[in-house]
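*Asks:*
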Amino acid sequence: MSVREVAVEAYREALPALGASLLGGLLAGVVLGGMRAELRAVPGLLVLVPALLATRGNVYGSLGARIATALHQGFIEPRVTEADRRLYAAVAAALGNGILASLFAATMAFLVLTLLGWDVAGLATLLGIAFVAGLLSGIVLTAVVVTVVFAGYRRGYNPDTLVGPVVTTTGDVFGVLFLLVAVRTVLFVGGVV
1 MSVREVAVEA YREALPALGA SLLGGLLAGV VLGGMRAELR AVPGLLVLVP
51 ALLATRGNVY GSLGARIATA LHQGFIEPRV TEADRRLYAA VAAALGNGIL
101 ASLFAATMAF LVLTLLGWDV AGLATLLGIA FVAGLLSGIV LTAVVVTVVF
151 AGYRRGYNPD TLVGPVVTTT GDVFGVLFLL VAVRTVLFVG GVV
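Going by the UniProt record's numbering, 1 is the number at position 1 of the sequence shown; the sequence numbering is gapless.
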């Protein structure tokens, strides 16, 4: 294959995913813009948002890359089977890492904002929001990443080309959506709403 053919193939595979990523990012921004009341109700939440969204991209992008590498090397088949322990281990590690990273981000946001003397919600509130948002978005991201990587691979696409934009889009859209759900849930349980 010539350099031009490789470039054309890469753009053919990536442009639809990148376009969807752009639209998804705009949708996530609209949802975040509509969260003014929640952002006022939970001081410090706005500081936590970028960390939570970055966590989704890093953890689940890594999951997609791990699955793509295993497919390329022939360690797994492009379908979910009961006997595929490698896939289940990768998914469990991603979910665990996603939740732990979310809790760590909430703790660090609380500590930094407290040290700066800024108004910040209680640690339990931030941890609850991070946990619920991390769990819900992790479940959805895991399902989307596995489905897209396997479907793309079976159709002859390079899953490495698809993973980045898909994780970014899904992570942003569902990350912000489930952040909204988490804030409302934690505030409801805490008797604030």
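Don't be surprised by glycine CBs; every beta carbon is placed ideally from N, CA and C.
Buried or exposed for residue 207, please, with buried defined as at least 16 other CB atoms from any protein chain shown within 10 angstroms of its CB.
*Replies:* The structure shown does not extend to residue 207, since the chain is modelled only from 1 through 193, so no value can be given for it.
*Asks:* Taking only three categories from DSSP, how would you classify Ile76?
*Replies:* Coil at Ile76, not helix or strand.
*Asks:* Apart from the five residues just before and just after Ala182, which ones in its own chain have a Cβ nearer than 6 Å to its Cβ?
*Replies:* Closer than 6 Å at Cβ, skipping near neighbours: Ile129, Val132, Ala133.
*Asks:* From Phe188 to Leu18, what does the alpha carbon distance come to, in whole angstroms?
*Replies:* Near 37 Å, if we compare the C-alpha coordinates of Leu18 and Phe188.
*Asks:* Whole angstroms is fine: what's the gap from Glu5's alpha carbon to Thr114's?
*Replies:* Straight-line Cα distance between these residues: approximately 55 Å.
*Asks:* Residues in the same chain with beta-carbon distance under 6 Å from Pro165, minus the five sequence neighbours each way, listed in chain order, please.
*Replies:* Excluding residues within five positions, the ones whose Cβ falls inside 6 Å are Ala17, Leu18, Ser21.
*Asks:* Give me the residue from Gly191, Gly175, Val167 with the minimum Cα distance to Leu48.
*Replies:* Among Gly191, Gly175, Val167, the Cα nearest to that of Leu48 is on Gly175.
*Asks:* Kindly list the residues whose CB is nearer than 6 Å to the CB of Leu32, restricted to its own chain and excluding five residues on each side of it in sequence; keep chain order.
*Replies:* Cβ within range, chain order: Val176.
*Asks:* Should Ala93 and Thr142 be called a contact, given that it needs their Cβ atoms to be closer than 8 Å?
*Replies:* No, the Cβ-Cβ distance between Ala93 and Thr142 is not below 8 Å.
*Asks:* Go through the segment 113–192 residue by residue and report every complete run of the alpha helix (DSSP H) that reaches 4 residues or more, in order.
*Replies:* As far as the segment 113–192 is concerned, its whole alpha helix (DSSP H) runs of at least 4 residues are 123–154, 159–189.
*Asks:* Taking Cβ positions, are Ser102 and Leu52 nearer each other than 8 Å?
*Replies:* Yes, they are a contact pair.
*Asks:* Which parts of the segment 31–98 are runs of the alpha helix (DSSP H), unbroken and 4 residues or longer, counting only runs that do not cross its ends?
*Replies:* Whole alpha helix (DSSP H) segments, 4+ residues: 36–41, 45–73.
*Asks:* Have a look at Gly34 and Arg184 and give me their C-alpha separation to the nearest angstrom.
*Replies:* Straight-line Cα distance between these residues: approximately 13 Å.
*Asks:* Are the beta-carbon atoms of Gly44 and Phe104 separated by less than 8 Å?
*Replies:* Going by C-beta atoms, Gly44 is not nearer than 8 Å to Phe104.
*Asks:* Between the beta-carbon of Val145 and the beta-carbon of Leu63, is there less than 8 Å?
*Replies:* It is a contact, given that the beta carbons lie within the stated cut-off.
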